[in-house]
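Asker: Structure below; questions to follow.
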Amino acid sequence: MLAEPVPIADSQSRRSRRQELFLDLLAEITADLEGYVRSLVLDRNDSDDVLQEVCVTLWGKFEEFEFGTSFRKWAFSIAFHKCRSFWRDRQRYRGVVLSDAALSKLSLLHEASREIDEIENRLLDECLKRLGTSDRKFVRRIYFEQAAVAAVAKDEGTTSNAVYLKLSRLRKKLARCLDRRLT
9 MLAEPVPIAD SQSRRSRRQE LFLDLLAEIT ADLEGYVRSL VLDRNDSDDV LQEVCVTLWG
69 KFEEFEFGTS FRKWAFSIAF HKCRSFWRDR QRYRGVVLSD AALSKLSLLH EASREIDEIE
129 NRLLDECLKR LGTSDRKFVR RIYFEQAAVA AVAKDEGTTS NAVYLKLSRL RKKLARCLDR
189 RLT
């Protein structure tokens, strides 16, 4: 018994949803993926080319991705293999080589660095929560909203120098909190 043909509109809708899902998943990891490839390829122009190959391959193999698993791990695995291919081609044509062992170590270092960054960010959030409400708003305004010091000083009816002093005091307080939490 033959399966009924899928109407063209349904097929296009499904393809559109699949493409949207892929782009959403890719958007979540793009900055990390770019940093990962750059850490393994080293040259910015070459890493941009490799990253483009990675993205094309990810899209081409997206039907093979198993939902419920980590898209990030799957994408990074493909990126690792593309980087390894890059170095093999580089060796063949230019005599420049980065061994598989060195590439694997760079990959592990990148992941460890990312994990440390995540831990530090989580701890920094905890330390920020320990600040008073006005200090927390002040820090967020300067660092997260990237407000100009002069604008903050004007809003608070103080001088830019006073804002810098307050910021210095709060940075030291946050650094002490982070040091305590990290030890």
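Taking this note's numbering, the leading residue of the sequence shown gets 9, the next gets one more, and so forth.
Cβ atoms here follow ideal geometry from the backbone N, Cα and C, with glycine treated the same way.
No experiment lies behind these values; they were computed from the predicted model shown.
Between the alpha carbons of residue 84 and residue 161, how many angstroms are there, rounded?
Answerer: Residue 84 and residue 161: Cα-Cα distance of roughly 45 Å.
Asker: Please state the DSSP three-state secondary structure of residue 94.
Answerer: Helix at residue 94.
Asker: Any chance the segment 117–134 sits against the segment 41–57, with 3 or more Cβ pairs inside 8 Å?
Answerer: With the cut-off at 8 Å, the segment 117–134 and the segment 41–57 touch.
Asker: Which residues in the same chain as residue 55 place their Cβ atom closer than 6 Å to its Cβ, once the five residues preceding and following it in sequence are excluded?
Answerer: 45, 46 and 49.
Asker: Just how far apart, CA to CA, sit residue 135 and residue 143?
Answerer: Distance between the alpha carbons of residue 135 and residue 143: 12 Å.
Asker: Quick check on DSSP: helix, strand or coil for residue 75?
Answerer: Three-state result, residue 75: strand.
Asker: Does the beta carbon of residue 181 sit closer than 9 Å to a beta carbon anywhere in chain D?
Answerer: Within the model displayed, chain D is absent; a lone protein chain is all it includes.
Asker: Determine, using beta-carbon pairs with one atom in the segment 70–83 and one in the segment 141–157, whether at least three such pairs fall under 8 Å.
Answerer: As far as the Cβ criterion goes, the segment 70–83 does not touch the segment 141–157, which means the pair count is below three.
Asker: On the CB-based measure, 16 or more other CB atoms within 10 Å of its CB, does residue 152 come out buried or exposed?
Answerer: Exposed, because fewer than 16 other Cβ atoms sit within 10 Å of the Cβ of residue 152.
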